[in-house]
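There are 2 protein chains.
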Amino acid sequence: MQNRRTERGTFFPPFWKMDSHYVLVEFSKEFDLPAAEEIRIYAEGKYNVKINGKMLHGTPDKVKLQKGKQKINVKVYNQGNVPALYVAGNTVTTDSDWNVTYEDKEWIDETGKASDQSGTTYVKAGKWNFDEPTVRPSAFKLPVKPKQALSQEKQGKGLLVDFGKNTFGFLTLHKLVGTGRLNIYYGESREEALSTKTSETIDLLEVHKNQQPQDSTLDLSKAFRFVYLEPEGTVKFDQVSMQYEYLPVADRGFFRSSDNELNKIWDVAKYTMELTTREFFIDGIKRDRWIWSGDAYQSYAMNYYLGFDSESVKRTILALRGKEPTISHINTIMDYTFYWFLSIADYYRYTGDKEFIAGIYPRMKSLMQFCLDRRNSDGLMKGLAGDWVFIDWAEGLSKQGEVSFEQLLLCRSLETMAMCADLVGEPTDNRHYQQEAKQLKDKLFAYYWNDQKKAFAHSRIDGKQTDNVTRYSNMFAIFFNYLNEQQQAGVKANVLLNDQVQQITTPYMRYYELEALCELGEKDYVMKEMKDYWGGMLKLGATTFWEEFNPAKKGAEHYAMYGRDFGKSLCHSWGASPIYLLGKYYLGVQPTAAGYAQYEIRPYLASLEWMEGKVPTPLGEIELYVSKNKIKIKSPIGTGKLKLQSKTVPRVKQGQVKHISGNDYELVLEKGIAYEVDYKN
Amino acid sequence: MQNRRTERGTFFPPFWKMDSHYVLVEFSKEFDLPAAEEIRIYAEGKYNVKINGKMLHGTPDKVKLQKGKQKINVKVYNQGNVPALYVAGNTVTTDSDWNVTYEDKEWIDETGKASDQSGTTYVKAGKWNFDEPTVRPSAFKLPVKPKQALSQEKQGKGLLVDFGKNTFGFLTLHKLVGTGRLNIYYGESREEALSTKTSETIDLLEVHKNQQPQDSTLDLSKAFRFVYLEPEGTVKFDQVSMQYEYLPVADRGFFRSSDNELNKIWDVAKYTMELTTREFFIDGIKRDRWIWSGDAYQSYAMNYYLGFDSESVKRTILALRGKEPTISHINTIMDYTFYWFLSIADYYRYTGDKEFIAGIYPRMKSLMQFCLDRRNSDGLMKGLAGDWVFIDWAEGLSKQGEVSFEQLLLCRSLETMAMCADLVGEPTDNRHYQQEAKQLKDKLFAYYWNDQKKAFAHSRIDGKQTDNVTRYSNMFAIFFNYLNEQQQAGVKANVLLNDQVQQITTPYMRYYELEALCELGEKDYVMKEMKDYWGGMLKLGATTFWEEFNPAKKGAEHYAMYGRDFGKSLCHSWGASPIYLLGKYYLGVQPTAAGYAQYEIRPYLASLEWMEGKVPTPLGEIELYVSKNKIKIKSPIGTGKLKLQSKTVPRVKQGQVKHISGNDYELVLEKGIAYEVDYKN
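Here's what the structure looks like:
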């Protein structure tokens, strides 16, 4: 999937290690059958079958099993695709309770006796869509649906087609006929499609003696709003449509308010997420079409307020980690390794899925060990050869020395390790990681906190704090809750609300900046910023949100990046963060115990007259409506607390409002009950 | 290749981890071109091309390069087969001097500037047969040549075909016609082919409406001397032949003597090696058709006295090691891990190939670390869960506790590490391994040497030496040169020549036993044993040498093993050791400095009147003829020493004979000179 990026028609795979599957695996399970039954066996790959340790002749596709205890082992070999198995019987059927191993170690001695101490590591088999003989996992493709173009117009020697908004899929040429080349230039903008020399994505389609006009759909999906087609020779076609390629995700999260611009922002953010949530959460649809840990970390968070599609989260986390040995940071980026740890903490918080933690824990440990082994003699991590210290796309941002931001993320990652060690019942690990986290946190303050500047310094070079202060460590320290009140106030005044500190221009870091401000109670300010920044893109005609946005730029300047005229991705998942901010800080819903066993709702209208929405949980959606004098809430899960401010004592039909202090009130929410609160904001 | 074993028609792959290739790799090289040239590019896989860091459009198969410095990078992706590249130009061509990596880490920053500290590890690309566009490495198959059957006779409802000797290849059915099933039973013995219920290898061929008689060759090569074919339905065929499948290896080593039985032994051993030297050195042709480190270790040694096919040695060593992470012993067997180290020491000794050592050294280090990490608190290795302690196929042989044999092999492996560390210029590693080896050797004597028994004890359980004495550690200690003269004499009398100590019945361990006896000067005894043991198999009609031979058994009992009537492999590489023994201890040729820079020749006729032979070296064959009064020698390489015993002063036409003491004389041999020595034995 990461091999589908092209640039100017050139195959453009990632630059990091690409792992492949285990080519030879053994699936097994024991059953206690109430009666004899016949099973059918379908595998993707060459296979053999053992029943109760005895290998059957040939490659059986039907096997009769006797009543009682039956152990089934099927060994599958497949070099080109992932070995997969589907067994269908009355009782016996493949599910996620089968064991799987890539090393069964079942040796025998010279008498034929099998080893009694094989020491094989078994894990639970991955279960997916292989439950019909014909549904071969290797043949999986995302579904498509046809979409028509909005308009087509002649331009020079060719035709410019506009699909009305940025989209993704396979182009269809209707009634294609003739001989020659059809030059196809894709554009996320009109300018890009028409810039035949510099558009990022092209197809040079050779048409060979098409005598009968026929509809032809291209092989590789592409990102575009505009397509410019220039035929050569006798090539002709009638019109152009597309096959929209998408991952079906349930429509769960929702937001609507009295502010139409904000609604539009939410809708465009949702569509941006729809386009970038695919086989995995990818960064952007035009570029890179790769799985980046830092980008995915934000996609997961948005997903918890939109589709709550845990399968996509899990498979992206797994794909990012890859296989042992661990020889590089995830995507080669140090910060991206840390986001990977953080993403697991978040996943557990939103879903409560301990089983996934148990499965991934060994690979968390080895990745953390990789990190700890790369610390220098001061116990800090700096970029070694082959480590990309990314942080953000920002002009002149120093990556030299030991950057405070990286230590901060490592510290949080260690805390995540401690939490997960506890979850999987490893108290020794738990103590170890707690201790490492504490030591590092102490260093973080000792080495980087600057009492004059009331902020963390950006970095440390040759054992000395540098003069530079940037937003990154400071804003993350806010929502990591690492600062006391005084320090928080310092960071807010001297960094976050200080225009002298280098501004952030990527939606990527805007996400964290605005989150930090929300945590500091600056939600009115953030609402305004959100409308300015994302509203700013909408005013420029954005139909999906961008990789980077600098309001100071003009016209087609906006599309340039990486030294290329149209290098910028105009549909980038990290652009969709209003979904997260609106869900978490305005609708105000977030879990306070894993998987929404407990949660709080702290609605905040800011400049809005009213808002309503749905926030997905593992057991359905929390629905709420909030206006200046009424709140309606219903939750399918857990125990919640509605926290509200009211100038008068709120009145409720269900439940009991508790006065906290001043204008602060609290209402305990039980699942399944529709609450209605009359109050005065 | 290891997936071609079948048992009763069932796919039977190995039980250890099967590694796959890196699916995405980048090849690169810099050239300084004297003139502009056009290159042609052929790849197995999807690829892109960069010239001087600039990616070219599409998938170019021709590229024009300018005069001067040109850097070429080609990135190839191939999931199902190994990514491979062939570039053909005047100056520019793919060879083993290209760099390759699976992780190029060429990230760019937001301005498009490439990283200046990628930290990528490059290794030299493997070079093989891809030097014509059409010779695709993935399509590689061993060559075949047709062979006729010796006889065919009717048997019951079918036909029994005899190919005269054990062989390997694809069966061809001539003028096959009709509809129904053709049951094919292969046998390394006549009994096996006719035992349709228990023969190990079968093909149940479905013949569908063959109306025109046609020749049909089966898909999968098999091992057999006899084939029994039982047609069902209307299936008929005319006769049966085969396509003999083989690795072309130069015919280099040679042995002939006055003893025809010994000559036959050498010929059959040679044929056994021919059959088991294939894509890799495998154990046996019927079973397992897998690559086993302990078996291969012996094949390498025989190969140095036969084909001297270093490519086969290298690719087998590489295949056995596999990829990181190291999670199990090689083939899951502890001793087989150690033989892997020893095989590298031997390879260097015979070939002097430092380049291979440099390439494999990192994987030697990590495998050794895996071993050292598995030692217990006494610093000894015992079988942990998942470790197979094999030693030998021998009834009742204990694998419990800390077996002395495993410590002995580990000690020798550590010495090999020290030697290789020195070769690759790692003095710190060298000291480390030397120290570890010394400590372990001290323990070996402290824990296992028994002064009463004048031998190493077999094992140690719960911190105590066991009573058991076996041949394994004791005989290896001889040719590892770990014993002083007194200890050697003790081992010889109390173990090697003591019938009370459990006898060895596998040619596998016979190899080492006889080698130890040769080292102790018992070459007359060994000659007799060799003729008895291997001659014993010949008397039973062996056409290739067996996995195991117990002279006490009768008739078809010989074919049984692993609790199965025909479980035994009758063509097993470890059966071919007379090649090694005759070359090293009777022709008496062995290198004394790496790659035959120095060597010695110590001919020993034993019961022979005369013998002659060729021993291959990196630069051709050392040829010699030895009778009781004449020795003729010519060597293409290095400086040798002919060591001989003579009752009279030897006379030479070339060179100068030096008297050592008593009957011992020495003649220095320079390359290219034909020496002739008249002496009296």
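Going down the list, the protein sequences come from chains X and P.
Residues in the first sequence are numbered consecutively from 1, following full-length UniProt numbering.
Residues in the second sequence are numbered consecutively from 1, following full-length UniProt numbering.
Think of the CB as a built atom: it goes at the ideal place given N, C-alpha and C, for glycine as much as any other residue.
Residue interval of the alpha helix (DSSP H) (run including residue i)
i: residue 260 of chain P; result: 260-276
i: residue 534 of chain P; result: 523-539
i: residue 354 of chain X; result: 354-373
i: residue 42 of chain P; result: Looking at the DSSP string, residue 42 of chain P is not in any alpha helix (DSSP H); the run it does join, the beta strand (DSSP E), is 37-44.
i: residue 194 of chain P; result: 190-194
i: residue 501 of chain X; result: Where residue 501 of chain X is concerned, there is no enclosing alpha helix (DSSP H), given that its DSSP letter is neither H nor E.
i: residue 485 of chain X; result: 485-491
Cross-chain neighbours of residue i in chain P, by beta carbon under 8 Å
i: residue 115 of chain X; result: 388
i: residue 111 of chain X; result: 562 and 563
i: residue 119 of chain X; result: 384, 385, 386 and 387
Under 7 Å by beta carbon: chain P residues contacting residue i
i: residue 107 of chain X; result: 15, 332 and 388
i: residue 8 of chain X; result: 57
i: residue 550 of chain X; result: Result: empty, since nearest Cβ-Cβ is about 11 Å, beyond 7 Å.
i: residue 24 of chain X; result: 13 and 18
i: residue 80 of chain X; result: 79 and 80
Boundaries (first-last residue) of the beta strand (DSSP E) holding residue i
i: residue 242 of chain P; result: 240-245
i: residue 180 of chain P; result: 158-187
i: residue 248 of chain X; result: Here residue 248 of chain X belongs to no beta strand (DSSP E), and DSSP marks it neither H nor E.
i: residue 228 of chain P; result: 222-231
i: residue 33 of chain P; result: 24-33
i: residue 122 of chain P; result: Segment: none, residue 122 of chain P is in no beta strand (DSSP E) and carries neither H nor E.
i: residue 596 of chain P; result: No beta strand (DSSP E) holds residue 596 of chain P; DSSP gives it neither H nor E.
i: residue 148 of chain X; result: 144-148
Bridge partner(s) assigned by DSSP for residue i
i: residue 669 of chain P; result: P:640
i: residue 611 of chain X; result: X:257 and X:626
i: residue 205 of chain X; result: X:182
i: residue 455 of chain P; result: P:450
i: residue 388 of chain P; result: P:333
For residue i, three-class secondary structure by DSSP
i: residue 683 of chain P; result: Shown here, chain P extends from 1 to 681; a query on residue 683 of chain P therefore has no answer.
i: residue 306 of chain P; result: coil
i: residue 578 of chain P; result: helix
i: residue 64 of chain X; result: strand
i: residue 510 of chain X; result: helix
i: residue 8 of chain X; result: coil
i: residue 604 of chain X; result: coil
i: residue 416 of chain X; result: helix
i: residue 77 of chain P; result: strand
i: residue 460 of chain P; result: strand
i: residue 616 of chain X; result: strand
i: residue 443 of chain P; result: helix
Within chain X, the residues that residue i reaches when beta carbons sit closer than 7 Å
i: residue 75 of chain P; result: 13
i: residue 47 of chain P; result: 11
i: residue 339 of chain P; result: Correct list: empty, because the minimum Cβ distance to chain X is about 16 Å.
Residues that residue i contacts on chain X, provided the C-beta gap is smaller than 8 Å
i: residue 3 of chain P; result: 24, 46 and 77
Partners in chain P for residue i, counting only beta-carbon separations shorter than 9 Å
i: residue 104 of chain X; result: 15 and 16
Under 8 Å: do the segment 308-324 of chain X and the segment 542-560 of chain X share three or more Cβ pairs, one atom per stretch?
no
How do the segment 214-227 of chain P and the segment 493-507 of chain P stand: do at least 3 beta-carbon pairs fall below 8 Å, yes or no?
no
Could you say if the segment 434-453 of chain X and the segment 406-413 of chain X meet the contact criterion of at least three C-beta pairs nearer than 8 Å?
yes
Is the segment 568-582 of chain P touching the segment 333-348 of chain P, taking contact as three or more C-beta pairs under 8 Å?
no
Counting beta carbon pairs with one atom in the segment 37-46 of chain X and one in the segment 56-71 of chain X, are three or more of them shorter than 8 Å?
yes
Taking contact to mean 3 or more Cβ pairs, one atom from each stretch, closer than 8 Å, check whether the segment 252-265 of chain P and the segment 281-295 of chain P are in contact.
no
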